[in-house]
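Chemist:
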Amino acid sequence: MSYYTKAKFFTSAPDIRHLKDDSGIEVAFAGRSNAGKSSALNTLTRQKNLARTSKTPGRTQLINVFELDDNLRLVDLPGYGFAKVPMATKLKWQKSLGEYLQKRKSLKGLVVLMDIRHPFKDLDQDLIHWAVDAGIPVLALLTKADKLKSGKRKSQLLMAQEAALAFMGDVTVNTFSSLNRHGLPELEQMLDKWLGRTTSDDDEATDAE
């Protein structure tokens, strides 16, 4: 059984400043409002409704925190770039997001989700630049990989990996599909690394069950 099935809702915050204690380790998930972020979190945790999916992308404007263990968390950041909100609200959120990436000591990794057909749009690039500047490793996850045939999927991955070199930081690119769980093992391996987990942790958890 995957370690990530134990994720449970911990708290919501209206903005970065209202997040709880900045201790332990957390990994954040971010992406455009139509990038499939909620679906990816639900696939990762094998829970249908852990992260609420909305028929109106961008509606959820809260930061949602999910607890794995006492000091390990997954953070679901609000979608950006698609929501029909005032420009002032967007700018405030972008500033808040930048502060989170620059100042949050417990943040050890950032997953940036992008539709494989439209990767590295302006706001995606801003986000990755902020993370790289703060020394935060990034996984650029190309979602909806099932929408492309194998050959096209591979060429998109290669192009994205080449584009990621321009960030001059710790940026890994993988493909992912919530529909058929393509790329799920690679996502879990990266999260294990950032959260400081090893395979022996899973063995101990299994023994304890």
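The sequence shown begins at 48 in the numbering used here and counts up one residue at a time.
Quick reminder that beta carbons are idealized off the backbone N, C-alpha and C, glycines included.
Please classify G198: does DSSP put it in a helix, a strand, or coil?
Modeler: helix
Chemist: Specify, as a first and last residue, the run of the alpha helix (DSSP H) that S85 falls within.
Modeler: Its alpha helix (DSSP H) spans residues 84-92.
Chemist: Whole angstroms is fine: what's the gap from A54's alpha carbon to L115's?
Modeler: 5 Å
Chemist: In the DSSP assignment, what residue or residues form a beta bridge with R79?
Modeler: Y127
Chemist: Which whole-angstrom value describes the C-beta separation of N221 and E233, a residue pair presumed to lie in contact below a C-beta threshold of 8 Å?
Modeler: 5 Å
Chemist: Work out the CA separation of V112 and V132 for me, nearest whole Å.
Modeler: 23 Å
Chemist: Cα separation between G216 and L188?
Modeler: 16 Å
Chemist: When DSSP labels each residue in this structure, what does T222 get in the three-state scheme?
Modeler: strand
Chemist: If you draw a straight line from the alpha carbon of H229 to that of D193, how long is it in whole angstroms?
Modeler: 8 Å
Chemist: Measure the alpha-carbon distance for R9 versus G128 and round it to whole angstroms.
Modeler: The displayed coordinates of the chain run from 48 to 256. Any statement about residue 9 would go beyond what the structure contains.
Chemist: Whole-angstrom Cβ separation of F223 and A87, contact assumed at under 8 Å?
Modeler: 6 Å
Chemist: Quick one: is P125 near chain B, going by C-beta distance under 7 Å?
Modeler: Absent here is chain B; the protein component of the structure consists of one chain.
Chemist: Does the beta-carbon of R244 have 16 or more other beta-carbons within 10 angstroms, so that it is buried, or is it exposed?
Modeler: buried
Chemist: Can you say whether L144 is buried or exposed, counting buried as having 16 or more other CB atoms within 10 angstroms of its CB?
Modeler: buried
Chemist: Which of helix, strand or coil does DSSP assign to D250?
Modeler: Unreliable placement is indicated for D250, whose pLDDT of 47 sits below 50; no coordinate value is reported for it.
Chemist: Distance check for K199 and I72, CA to CA, integer angstroms please.
Modeler: 36 Å
Chemist: Apart from the five residues on each side of it in sequence, which residues of its chain come closer than 6 Å, Cβ to Cβ, to W177?
Modeler: For W177, where only same-chain residues beyond five positions count, the Cβ hits under 6 Å are G145, L148.
Chemist: In terms of alpha-carbon separation, which member of P166, L242, D239, L170 lies closest to M206?
Modeler: Per the C-alpha coordinates, the member of P166, L242, D239, L170 positioned closest to M206 is P166.
Chemist: Considering V112, what are the terminal residues of the beta strand (DSSP E) in which it resides?
Modeler: 110-116
Chemist: What number of angstroms, rounded off, separates the C-alpha of I163 from the C-alpha of F56?
Modeler: 28 Å
Chemist: Got a sec, what are the start and stop residues for the beta strand (DSSP E) S70 sits in?
Modeler: It is not in any beta strand (DSSP E) - S70 carries neither H nor E in the DSSP assignment.
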